Amino acid sequence: LLMVVLDAFDPRGEATPARRLVGTAAAVLGVWGFGDLRLALALPVALGWAWAMKSRKPWALHAPWVVVAASVVVLSMSLASSRAPLADWGDPDGWRRLWQQLDASSIRAAFGGEILPGRVAPWALESGRAFDRLVEDLGPLGPLAALAGGVLLWRRPEERSWLYALIGLVLVEWIYIVGINPMGGADRQTGIPLALVAATIVGCALAPIEAEAGRMRWPLLLGLGAALCIAPVLRSWPDLGATRSWGPHAWSRRAWAKLAPGRYALTVSDDLAAGWRASTSLEGARPDLFVYPAQHLYRPAPDWVLARRGDARRPLEQAWAACGEGARALAYAAALEAAGGRLLVENPGREMVAALPATLDGPLPWGEVVLRGATEPATPARFSAAVDLALREGLDAHGGLEAPEDRRRLLIAVSARLRAWLSARSFEPAALEVAVAAYREAMARTGVESAATWVSLGALLDRKGDRAAAIRATRRALALEPGRRLALTNLALYLADDPASLAEARALAEQATELHADTPGSWRRLASVCRIAGDAACTERAERGLEAAEVARAAAQAQAPGGASRPGCPGAPSELD
């Protein structure tokens, strides 16, 4: 969409009216659909249209109709999803909810402290990450070539207006991916336009040189192409495995095959929620199961969902009446159990379902909720065998998980089960031994690692009394993901016990508060380190920061979908009719 808009509104030449109208349609679709394009294109295209109207350009008279037509297409798709909100995270079931989706209300409530932070450290950290991704996408010479191309364009006066437009796009996109939506950078939800604009600058700078090169044009283009493209192609080649992957499909199918008929289930991750939707909607798999996203228990279920299993209405109504994620999950499970139903929950121990007492003997990553009567968690030997089976079956899915991303998701699922089981076993010594071995085995057999896994492994090693190993594991987590909050605060905890490393511990705790000032845990760790150091002023500052973070966190949770702002929940403000 961005490249179509650039082609249509290239200020260096007069495009045909048809091209300008196609570019207008592309801009409208981009503005409706993408936050960065909304910032980058809405005002420039509107100003361009106003200038064209004043100049009596032929395309300007028809542009409003193109805007209306393109908007109707987008709005019809968004409002149509009100019939099936489970398939749409934004749930735009009306004009107010549609505006909240466009305004990113849910994301801003959940990640308020990470959006346009008022401190330098988060901007510096995310700028470094964004540049690393740009180098990965363009190769090590790509950004340098774009800079050189920009200099060449600036030296040509007739090209400067075009260069300024491209620089404006770069600035808007950089602010968006660094300050507004840094959460989406790793998954390439943001940042792609930077690579497109960089390539455009290089191409525009080379065009006159290539035209004057004569017989040398092809050697010139081939040489430059090789220099610029070989490195990113080699770096990206392994990513092709993800495009051929059937791992998620096979894993979802394996999970459904192990669930008994007539069960109810709550999904927690987007991965299995999407897998369930795909297998049931596209393939007709397991119509006897009633699977519901735990994230959606805060609102009434749509009629089309209840039509599949009418006996699900009462439990869902019970969940809707409760306040808070844990209370909703418990209410749902209690209503099902009273009606004779049996509930399975994905990844027991995750925040929104942590209140549910679930067995951990079922197929990865499910656990069965049992409210009546205590259930003894699996013994260490039995759990170790279950982890081994989960890894063998997971890695064997559809002939093996070829893509590293598939193996990473398997590692995440195994790690989640390990954390839940350890909590159920109260971190007893025998369980710690099994868990440490399981973490290491999971990373070795999947061939991947994650910062979260290393942080968890470090915490377990510390509980075992091996602080040196815990420090090494947590440093590895920081090497994989600089700025990860738990890695910073845990490492500060480990280092604070040694007077020789107390200064580093304080620096890490300070860094955690700089990067994650909205998280109470960051300030709590700084306060503890300052107390150990005997710094009363630092302790007092950390306690004030903790209090402010807790207030901000409560306010954000109240404004989140299903939070305390919902009528009937404690703390909900009065509403005007």
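For the sequence shown, position 164 matches number 166 in our numbering, and the numbering has no gaps at all.
Glycine is no exception: its CB is placed at the ideal position from the N, C-alpha and C atoms.
Since the structure is predicted, the reported quantities are computational estimates derived from the model, not experimental observations.
Spatial neighbours of residue i within its chain, please: CB distance less than 7 Å, with the 5 preceding and 5 following residues excluded, ordered by chain position.
i      : result
Pro13  : Ser163, Trp164, Ala167
Ala337 : Arg316, Pro317, Gln320
Pro263 : Asp290
Ala148 : Ala200, Ile203, Val204
Thr269 : Ala275, Trp278, Val293, Pro295, Ala296, Glu348
Which one of the options has the shortest CA to CA distance from residue i?
i      : options                        : result
Glu285 : Arg316, Leu31, Ala252          : Ala252
Ala454 : Leu413, Glu443, Ala535         : Leu413
Leu299 : Leu490, Leu318, Phe292, Gly312 : Leu318
Asp499 : Val76, Met185, Arg465, Ala535  : Ala535
Gly227 : Trp248, Ala44, Gly205, Trp239  : Gly205
Arg131 : Arg279, Arg310, Arg486         : Arg486
Gly547 : Arg527, Ala557, Asp537         : Arg527
Arg465 : Ser452, Val371, Leu495, Leu510 : Leu495
Ala267 : Trp248, Leu45, Ile194, Val355  : Val355
Arg419 : Thr361, Leu373, Gly467, Ser57  : Thr361
Compute the Euclidean distance between the alpha carbons of residue i and residue j, then round it to the nearest angstrom.
i      : j      : result
Val199 : Asp105 : 26 Å
Gly50  : Arg21  : 14 Å
Asp305 : Ala233 : 53 Å
Ala519 : Arg288 : 45 Å
Gly326 : Ala550 : 22 Å
Ser386 : Ala439 : 9 Å
Leu41  : Val457 : 37 Å
Ala472 : Leu517 : 23 Å
Pro159 : Val153 : 11 Å
Thr192 : Asn183 : 8 Å
Ala588 : Glu175 : Here the chain has residues from 3 to 579 only, and residue 588 is not among them.
Gly216 : Gly151 : 20 Å
Leu308 : Leu393 : 36 Å
Gly25  : Val68  : 10 Å
Leu43  : Ala415 : 40 Å
Ala514 : Asp189 : 23 Å
Val389 : Leu3   : 46 Å
Leu462 : Ala481 : 19 Å
Ala507 : Arg474 : 14 Å
Val122 : Arg219 : 46 Å
Arg469 : Leu493 : 10 Å
Leu242 : Gly141 : 17 Å
Met55  : Leu63  : 7 Å
Ala28  : Ser78  : 17 Å
Ala444 : Leu459 : 11 Å
Val30  : Ala72  : 6 Å
Ala314 : Val47  : 49 Å
Throw me the rounded Cβ distance for the residue i and residue j pair, which I believe falls under 8 Å.
i      : j      : result
Ala207 : Ala405 : The Cβ separation is near 36 Å, so there is no contact.
Gly523 : Thr476 : 15 Å between Cβ atoms; not a contact.
Trp368 : Leu332 : In fact, because the Cβ distance is near 18 Å, the residues do not count as touching under 8 Å.
Trp61  : Pro19  : 4 Å
Leu143 : Leu230 : 6 Å
Can you find the residues in the same chain that come closer than 6 Å, C-beta to C-beta, to residue i, ignoring five residues on each side of it along the sequence?
i      : result
Ala17  : Ala10
Leu196 : Leu136, Glu175
Val1   : Residue 1 cannot be examined here, being either before or after the span of the chain that is shown, 3 to 579.
Ala65  : Thr26, Trp51
Ordered along the chain, which non-local residues of its own chain (more than five positions away) have a Cβ less than 8 Å from that of residue i?
i      : result
Asp579 : Any answer about Asp579 is weak, because its pLDDT of 34 lies below 50 and its placement is not dependable; what the coordinates show is given next. Same-chain partners within the cutoff: there are none.
Glu545 : Trp525, Ala529
Leu397 : Leu403, Arg409, Leu412, Arg447, Thr448
Val450 : Pro406, Arg409, Arg410, Leu413
Arg110 : Ile117
I want to check one thing, is the minimum distance from the CB of residue i to the heavy atoms of the ligand SAM below 7 Å?
i     : result
Lys59 : Annotation note on the ligand SAM: not contained in the displayed structure, which lists no ligands.
**OP:** Taking only runs that begin and end inside the segment 332-391, name each unbroken beta strand (DSSP E) of 3 or more residues, in chain order.
**Re:** Complete beta strand (DSSP E) runs here, min 3: 345-348, 368-370.
Subject >> beta strand (DSSP E) segments (min. 3 residues) lying fully within the segment 249-292 >> reply: Within the segment 249-292, the complete beta strand (DSSP E) segments of 3 residues or longer fall at 266-269, listed in chain order.
**OP:** Would you list, in sequence order, the uninterrupted beta strand (DSSP E) runs of no fewer than 3 residues that lie entirely inside the segment 148-228?
**Re:** Whole beta strand (DSSP E) segments, 3+ residues: zero.
Original post:
What are the uninterrupted segments assigned as alpha helix (DSSP H) that are 4 or more residues long and contained completely in the segment 467-509, given in chain order?
Top reply: List check, alpha helix (DSSP H) in window: 469-482, 487-498.
**OP:** Identify every run of the alpha helix (DSSP H) within the segment 387-455, keeping only runs that are complete inside it and at least 4 residues long; order them along the chain.
**Re:** Counting only runs of 4 or more, we get 406-426, 431-448.
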